[in-house]
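Novice:
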Ligand SMILES: [Zn+2]
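In our numbering, the protein residues as written are 181 to 446.
(1) Contact between the stretch 417-427 and the stretch 384-402: three or more CB pairs below 8 Å?
(2) Is the Cβ-Cβ distance between residue 325 and residue 383 less than 8 Å?
(3) Using a Cβ-Cβ cutoff of less than 6 Å, which residues in the same chain neighbour residue 293 once the five nearest sequence positions on both sides are dropped?
(4) Is it the case that the CB of residue 266 approaches a heavy atom of ligand 1 more closely than 7 Å?
(5) Applying the 10 Å Cβ sphere with the 16-neighbour rule, what's the burial state of residue 442?
(6) Assess, as a yes-or-no matter, whether the stretch 267-274 is touched by the stretch 405-414 under the definition of 3 or more beta carbon pairs within less than 8 Å.
(7) Would you kindly check if the distance between the Cβ of residue 372 and the Cβ of residue 364 is under 8 Å?
(8) Taking the beta strand (DSSP E) that residue 259 belongs to, which residues open and close that run?
(9) Excluding sequence positions up to five away, which residues of its chain have a Cβ less than 7 Å from the Cβ of residue 346?
(10) Skipping 5 residues on each side, what residues in its chain have a beta carbon closer than 7 Å to that of residue 214?
(11) Is residue 438 helix, strand or coil when you go by DSSP?
(12) I'd like the list of long-range same chain contacts for residue 435, defined as Cβ closer than 6 Å, with 5 residues on each side in sequence excluded.
(13) Looking only at its own chain, which residues have a Cβ that is under 7 Å from the Cβ of residue 315, when we skip the five neighbours before and after it?
(14) How would the residue list near ligand 1 read, in chain order, if you kept each one whose beta-carbon is closer than 7 Å to any heavy atom?
(15) If you draw a straight line from the C-alpha of residue 297 to the C-alpha of residue 261, how long is it?
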C-alpha cells in the first residue's frame, strides 16, 4: 500500500512538471499532436453522408450520456486518482458484480475525511474512467491532467481481476487482455494524432466495441475462434477497426479481426 501512495506522489509531481512545461513551451505539445490531422480530416466525410449531427463531445457529461445511449450495456464510471487506487485494490477477484458507482462514492467519502484540502482537490478531479461489461472486460483510461478530457493511457483487464496493478499503465495477467491493451495504445495514439480534442470520445466509443469480444466473428476469416500463431492459443478476434471511428456515428465501423487477419498487423 505504501509503495502505491509513493507512486501516486510521483505522478502528481510529474503532472505539475508537465503543466509547467505546457505553460512555458506550448509549441512542444503542438508539434506532437498535429502531424496527421490534415490527411485524415480530408479523407472522411461519413457524417455528411449519414446526415447525423456532428460528433463534438468535449465534456465528460456529454460523452457519458452519449455513450449511455449508444451502448447501454457498458457501465462508465469516473474516479479521482486516489479513489481509483482504492477501488482497484477492493475489486473482488472472484468477479462478482458490485455497483462501481456506489463503491466509488463510499470509498471517496471515507478517504476525503482523512486528507488535507489540497489532496481533496486533486482526488476530486476525474482522472480515471472505468468501462465495465460484466463477464467481458474492464478497461481503465487515465486522463492527464486530471479534470481534462485528454486521455494519456489505456489498459484492458479481465472482469475478475483486482489489485493495485489495475491501472491504465498496468497489464492484465491474461493474454487476451494484454494483447488488446497493446492494440489499444496504437489506437489511442491514432486518435490523439487528430489534435481536435475529441480523442477521448473516439477512444471510449472504440473501447465499447469490445462488448462483442466473445461474440463477433472475424471480418476476414468469418470465424469466432482461430489459432493465434504468435501465442499458440485459440483466441477470439482481439482487434477492432478504428480508422473510420472519429467521424462515425455508431460502432458498425468497428469490424472485428484476429491478430493474424488484421489489415494493420503486417
Ligand atoms: Zn480471422
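Beta carbons: idealized from backbone N, C-alpha and C, even for Gly.
Specialist: According to the structure shown:
(1) Segments in contact, yes.
(2) One-based indexing of the chain shown puts residue 325 at position 145. One-based indexing of the chain shown puts residue 383 at position 203. No, the Cβ-Cβ distance between residue 325 and residue 383 is not below 8 Å.
(3) Looking up residue 293 in the chain shown gives position 113. Note that residue 293 scores 44 on pLDDT, short of 50, meaning its location in the model is unreliable; the coordinates nonetheless yield the value given after this. Residues of the same chain with a CB within less than 6 Å of the CB of residue 293, apart from the 5 flanking positions on each side, do not exist.
(4) On the chain shown, position 86 is the one that residue 266 refers to. Checking every heavy atom of ligand 1 against the Cβ of residue 266, none is found closer than 7 Å.
(5) By 1-based counting over the chain shown, the position of residue 442 is 262. Burial check for residue 442: the Cβ neighbour count within 10 Å reaches 16 or more, so the residue is buried.
(6) At 8 Å Cβ cutoff, the stretches do not touch.
(7) Along the chain shown, read from residue 1 onward, the residue named residue 364 stands at position 184. Along the chain shown, read from residue 1 onward, the residue named residue 372 stands at position 192. No, the pair does not count as a contact, with Cβ atoms beyond the cut-off.
(8) Residue mapping note: residue 259 aligns to position 79 of the chain shown, counting from 1. Residue 259 -> beta strand (DSSP E) spans 255-259.
(9) Numbered from its first residue, the chain shown carries residue 346 at position 166. Around residue 346: 268, 271, 320 and 337.
(10) Counted from its first residue, the chain shown places residue 214 at position 34. Because the pLDDT at residue 214 is just 39, under 50, the model does not fix this residue reliably, and the value given afterwards should be weighed accordingly. Within the same chain, and ignoring the five residues on either side of residue 214 in sequence, the residues whose Cβ sits closer than 7 Å to its Cβ are 375.
(11) If you number the chain shown from 1, residue 438 lands on position 258. Residue state, collapsed to three classes: coil.
(12) Residue 435 sits at position 255 when you count from the first residue of the chain shown. Excluding residues within five positions, the ones whose Cβ falls inside 6 Å are 399 and 421.
(13) Residue 315 sits at position 135 when you count from the first residue of the chain shown. Contacts found: 339.
(14) Chain-ordered list of matching residues: 398, 400, 401, 403, 406, 417, 437, 438, 440 and 441.
(15) For the purposes of this step, residue 297 is taken as residue 117 along the chain shown, with counting starting at 1. For the purposes of this step, residue 261 is taken as residue 81 along the chain shown, with counting starting at 1. Its pLDDT being 49, under 50, residue 297 is placed unreliably by the model, and nothing is read from it.
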